[in-house]
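Q: There's a structure below that I have some questions on.
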Amino acid sequence: MSNLFICDHPMIQHKLTFIRDKETNTKDFRELIDEVATFMAYEITREIPLQTIKVETPVAITDSKIVSGRMLGLVPILRAGLGMVDGILKLIPSAKVGHIGLARDHETLQPKEYYINLPTDAQDRMLIVIDPMLATGGSAIAALNSLKQRGCEVMKLMCIIAAPEGVKAVQEAHPDVDIYIAALDEGLNEKGYIVPGLGDAGDRIFGTN
Ligand code: PRP
Ligand code: URA
14 MSNLFICDHP MIQHKLTFIR DKETNTKDFR ELIDEVATFM AYEITREIPL QTIKVETPVA
74 ITDSKIVSGR MLGLVPILRA GLGMVDGILK LIPSAKVGHI GLARDHETLQ PKEYYINLPT
134 DAQDRMLIVI DPMLATGGSA IAALNSLKQR GCEVMKLMCI IAAPEGVKAV QEAHPDVDIY
194 IAALDEGLNE KGYIVPGLGD AGDRIFGTN
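Position in the sequence shown (from 1) plus 13 gives the number in the numbering used here.
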């Protein structure tokens, strides 16, 4: 059974078109990433368990549902993952947020970890690792490795655009991790960029290049 989930909601696909457009300015790009992250958070939390509690309405006492099970944690991969955090927190405001700093070497495409800071109870939470781009998969695999080394066991990966190469690499390295994406693109170019992709996500979110 595949652990790849493509979030094909029409509003996500509509916004993705403007995210891809090279004419979209930094402000609009940032807002669109934030909005898509909120929509994707609905999809990724679809299977969260519920428990029944009693609630007293102004009219009667009734059984009603609240979420239960593991609490959630978000782990954006710096920098670009930061652009998705606020959008997800709109849906899951009580989630704690850890950070992993990884940068791809432009020549070798190998990720280097330069920072990590996690909630003290990260091991007990269901962690959502966040990055808009899953290209070779090196950064996501390194982030998941790092979290597993620190005792984290239950994790999902949320990316906006993925290359088939990156999906395959993550599935091989971490078959236990469900992957949620909004689009599966054609592949990678010689510089390791996703085609057609959206360009450099970090640069477009933060207005650098
Ligand atoms: C980008 C992107 C991912 C990574 C994906 O980050 O945000 O983290 O590349 O590529 P991969 O799947 O081949 O590892 P980058 O390293 O450019 O850092 P940045 O977010 O600071 O720009
Ligand atoms: N990182 C990006 O930001 N964009 C890509 O296309 C690949 C990696």
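No residue lacks a Cβ here, since even glycine has one placed at the ideal position from N, Cα and C.
1) With DSSP as the reference, please indicate the residues paired to K109 in a beta bridge.
2) Determine the direct distance from the alpha carbon of M139 to that of R117, and round the result to whole angstroms.
3) So, for I25: in the same chain, excluding its five sequence neighbours on each side, which residues have a beta-carbon less than 6 angstroms away from its beta-carbon?
4) Taking Cβ to Cβ, would you say I154 is nearer than 9 angstroms to I46?
5) Would you call the CB atoms of V98 and P89 closer than 9 angstroms?
6) Alpha carbon to alpha carbon, how far is G100 from Q64? Give it in angstroms, no decimals.
7) Per the DSSP calculation, V68 is bridged to which residue(s)?
8) For L211, which residues from the same chain have a beta carbon less than 7 angstroms from its beta carbon, with the 5 sequence-adjacent residues on both sides left out?
A: Taking the definition as stated:
1) Residue mapping note: residue 109 aligns to position 96 of the sequence shown, counting from 1. Note: K109 sits in a beta bridge opposite G86.
2) Taking the sequence shown and counting its residues from 1, one reaches residue 117 at position 104. Taking the sequence shown and counting its residues from 1, one reaches residue 139 at position 126. The alpha-carbon atoms of R117 and M139 are separated by roughly 26 angstroms.
3) Walking along the sequence shown from the start, residue 25 turns up at place 12. These residues qualify, in order along the chain: V49, F52, A195.
4) Position 141 of the sequence shown, counted from the start, is the residue given in the question as residue 154. Position 33 of the sequence shown, counted from the start, is the residue given in the question as residue 46. Cβ distance not < 9 angstroms, so I154 and I46 don't count as in contact.
5) Counting from 1 along the sequence shown, the entry for residue 98 is found at position 85. Counting from 1 along the sequence shown, the entry for residue 89 is found at position 76. Going by C-beta atoms, V98 is nearer than 9 angstroms to P89.
6) Counting from 1 along the sequence shown, the entry for residue 64 is found at position 51. Counting from 1 along the sequence shown, the entry for residue 100 is found at position 87. A straight-line Cα-Cα distance of about 26 angstroms links Q64 and G100.
7) Taking the sequence shown and counting its residues from 1, one reaches residue 68 at position 55. Looking at the DSSP assignment, V68 forms a beta bridge with T75.
8) Locating residue 211 in the sequence shown gives position 198, counting from the first residue. Counting only Cβ-Cβ distances below 7 angstroms, and skipping sequence neighbours, we find I32, R33, I174, R217.
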